[in-house]
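In the numbering used here, the protein residues as written are 1240 to 1535. For each residue, glycine too, the CB sits at the ideal point set by N, CA and C.
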Amino acid sequence: MIIQWYPGHMNKALKAMADDIEKVDCILYVLDSRAPFSCLNPKLSQVIGSKPIIYVLSKADMADSAKLDEWRKYFSRDNYCVTINSTASGSSKIIMTVVRQLLAKKIEKYAKKNIKVTLRFMVVGVPNCGKSTLINNLCGKARAITGNIAGVTRGKQWVRIESGVEVMDTPGTLWPAFNNNLVAHHLAYIGSIRDEVLDIPSLSLDFIEELDKISPDILRDRYGCDIEKSTTTLEKLEKICLSRGHKLRGGELDYDKGAASLITDFRKGYLGKITLETVHDIPKLKKVDRIEKQKK
Ligand SMILES: Nc1nc2c(ncn2[C@@H]2O[C@H](COP(=O)(O)OP(=O)(O)OP(=O)(O)O)[C@@H](O)[C@H]2O)c(=O)[nH]1
Ligand SMILES: [Mg+2]
């Protein structure tokens, strides 16, 4: 299945971010802990340029902690990196500590002159990775609209976090063409691509295959059905339908509903703490694969 989604508002948003980049001191780059590498948008790198970055591995509460620790170390090699559950109140305090560490020189310079300085940063990331939720956590109140679908924030919004600290929320952005099919799939699983442009039953078959490689226990534990090694992915989807009672009027299995249940269960964390990629997968995720070749 080929996945593509680049609505017009994203291109507009990237241009608006490029216009505002000089106004900010640093970038909070939010990555979903369940697929951190796939959340790295090459278009955003162009916009960010040389601005200092703090990587925020969000949704840490839904991720595999050992894999997440590897990713934290990976992103900490050249930048600051924190892991966070933005739905837990007060959990983002660590971010302000890191921001102050990163901008210590600027803060000190202005303090010496007795000038009150305003720190400004921009929160960026793919759709649905948790940018607005993070901002609300930083403020301690709901200032930005959030929701568990891609593309909730449509335009930029400045939010005052506390005296002397302002943050800009931005719409989730992707890039015009995915040239790695696995990256596109991971973004689809985590809800960064609108379901309307996806073939969910087909996506669910690929997802079953991927989950089985991580651990065959995942499907067995959730759906209680004995999904054996020899069972095909389609048979596994059938077992998921049976276990959730997804049947059509005539008694036939409702594959659409079964597939949607599986994807929703993952997005809500009902399949357990799962991280889809490890640092060892980076070469596989960087590779330009068949989508690019088909275009030639
Ligand atoms: N469990 C958990 N859920 C989170 C976390 N951060 C965000 N969410 C949920 O993820 C969904 C998306 O969050 P948003 O903050 O709207 O994401 P966004 O990046 O602003 O999305 P767009 O505006 O569409 O780009 C919401 O349902 C949030 O409650 C987190 O750290 N842990
Ligand atoms: Mg948002």
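Whole-angstrom distance between residue j and residue i, CA atom to CA atom
i: ARG1382; j: ARG1459; result: 40 angstroms
i: GLY1430; j: SER1454; result: 21 angstroms
i: LEU1220; j: LEU1481; result: Within the shown structure, residues of the chain are numbered from 1240 to 1535, placing residue 1220 beyond reach of any answer.
i: TYR1349; j: ARG1339; result: 13 angstroms
i: TYR1462; j: LYS1507; result: 15 angstroms
i: ASN1418; j: VAL1269; result: 21 angstroms
i: ASP1258; j: LEU1524; result: 30 angstroms
i: SER1325; j: GLY1490; result: 43 angstroms
i: ASP1456; j: GLU1474; result: 16 angstroms
i: GLY1497; j: THR1472; result: 13 angstroms
i: TYR1494; j: ILE1479; result: 9 angstroms
i: ALA1499; j: PRO1440; result: 7 angstroms
i: LYS1395; j: THR1409; result: 5 angstroms
Residue i versus the options, residue with shortest Cα-Cα distance
i: GLU1401; options: TYR1245, SER1441, MET1335 and THR1514; result: MET1335
i: THR1247; options: VAL1295, VAL1269, ALA1499 and GLY1411; result: It should be pointed out that residue 1247 corresponds to Gly in this sequence rather than to Thr. Among VAL1295, VAL1269, ALA1499 and GLY1411, the Cα nearest to that of GLY1247 belongs to GLY1411.
i: THR1517; options: TRP1310, GLN1243, LYS1332 and CYS1265; result: TRP1310
i: SER1330; options: CYS1278, ILE1346, GLY1379 and VAL1286; result: GLY1379
i: ILE1374; options: VAL1362, PRO1366 and ILE1521; result: VAL1362
i: VAL1436; options: ILE1447, ALA1423 and LEU1444; result: ALA1423
i: PRO1366; options: ASN1353, GLY1386, LYS1355 and THR1357; result: GLY1386
i: ILE1314; options: LEU1377, ILE1293, THR1409 and LYS1395; result: Note that residue 1314 corresponds to Phe in the displayed sequence, not to Ile. Of LEU1377, ILE1293, THR1409 and LYS1395, the residue nearest in Cα terms is ILE1293.
i: PRO1275; options: GLY1364, HIS1485 and LYS1352; result: GLY1364
i: ASP1528; options: THR1514, LYS1478, ALA1416 and ASP1451; result: ALA1416
i: PRO1522; options: ARG1488, LEU1421 and LYS1478; result: LEU1421
i: ILE1447; options: LEU1283, ASP1434 and THR1470; result: THR1470
i: ALA1252; options: MET1407, ARG1483, GLN1243 and SER1443; result: MET1407
i: LYS1262; options: PRO1281, MET1249 and ILE1287; result: ILE1287
i: ILE1260; options: CYS1320, PHE1360 and ILE1354; result: PHE1360
i: VAL1337; options: THR1514, LYS1370, MET1301 and THR1322; result: THR1322
i: LYS1332; options: LEU1444, ASN1376 and LYS1355; result: ASN1376
i: LEU1283; options: ARG1316, ASP1264 and ALA1255; result: ALA1255
i: ASP1264; options: ASP1308, THR1357, ALA1299 and ASN1250; result: THR1357
i: SER1289; options: ASP1317, ILE1354 and LEU1515; result: ASP1317
Segment limits, alpha helix (DSSP H) that includes residue i
i: TYR1428; result: 1420 to 1428
i: ARG1399; result: Per DSSP, ARG1399 belongs to no alpha helix (DSSP H); it is in the beta strand (DSSP E), 1396 to 1401.
i: ILE1479; result: 1472 to 1483
i: PHE1276; result: Looking at the DSSP string, PHE1276 is not in any alpha helix (DSSP H), and its letter there is neither H nor E.
i: MET1249; result: 1247 to 1259
i: VAL1406; result: It is not in any alpha helix (DSSP H) - VAL1406 instead sits in the beta strand (DSSP E) that spans 1404 to 1408.
i: ALA1381; result: Segment: none, ALA1381 is in no alpha helix (DSSP H) and carries neither H nor E.
i: SER1500; result: 1494 to 1506
i: ALA1416; result: No alpha helix (DSSP H) contains ALA1416, which DSSP labels as neither H nor E.
i: THR1336; result: 1332 to 1341
i: ASP1438; result: Run containing ASP1438: none; DSSP gives neither H nor E here.
i: TRP1310; result: 1304 to 1315
i: GLN1285; result: 1281 to 1287
i: LYS1523; result: 1521 to 1525
i: ILE1457; result: 1456 to 1462
Span of the beta strand (DSSP E) around residue i
i: THR1322; result: 1319 to 1322
i: ILE1293; result: 1292 to 1297
i: PHE1360; result: 1358 to 1363
Rounded Cβ spacing between residue i and residue j (contact assumed at less than 8 angstroms)
i: TRP1397; j: GLU1405; result: 6 angstroms
i: ASP1271; j: SER1297; result: 6 angstroms
Heavy atom of ligand 3 within 8 angstroms of residue i beta-carbon
i: LYS1526; result: In the structure on display, ligand 3 does not appear, and the ligands it does have are ligand 1 and ligand 2.
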